[in-house]
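Notes follow once the structure below has been shown.
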Amino acid sequence: MSALKPRHMPCADEDMKPRWFEPTSDGLHACTYCGWMQNSSPSGAAELCEAATWHSLDGYNRYAQIARAAGITVPLTPLNYTP
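Take the sequence shown: its position 60, counting from 1, is numbered 1244 in our numbering, and each next residue is one higher.
Written out as structure tokens, the structure is:
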């Protein structure tokens, strides 16, 4: 298996802005801008759907759609919602 290389992808913790990610020792990639770790943009979106406190249902639904488009199951509504 080849060594992991830096990747350019949308960062889930940066509102899906394109960022560079460096590989970590545990197989994830860390954003060089904010430090967020994800394997892919959809997996990062799914993690935030489950763990973040959401203040916008539109924002949650956008991230849920990104995760679902990749076949990742996320809750229909945010688990933590504070308008």
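Where is the CB? At the ideal position from N, CA and C, for every residue including glycine.
Contact belief for residue i with residue j at Cβ below 8 Å, rounded distance in angstroms
i	j	result
Thr-1216	Glu-1206	6 Å
Cys-1233	Ala-1214	Wrong, their Cβ atoms sit about 20 Å apart, outside the cutoff.
Asp-1197	Cys-1218	6 Å
Alpha carbon of residue i to alpha carbon of residue j, nearest angstrom
i	j	result
Ser-1227	Thr-1257	10 Å
His-1192	Ala-1254	18 Å
Thr-1266	Pro-1259	16 Å
Thr-1208	Trp-1220	11 Å
Tyr-1247	Asn-1264	14 Å
Cys-1195	Ser-1224	8 Å
Ser-1240	Pro-1190	32 Å
Buried or exposed by the 16-neighbour rule on C-beta atoms within 10 Å, applied to residue i
i	result
Gln-1222	buried
Ala-1235	exposed
Pro-1262	buried
4 or more residues per run - each alpha helix (DSSP H) lying fully within the region 1212 to 1247: 1225 to 1235
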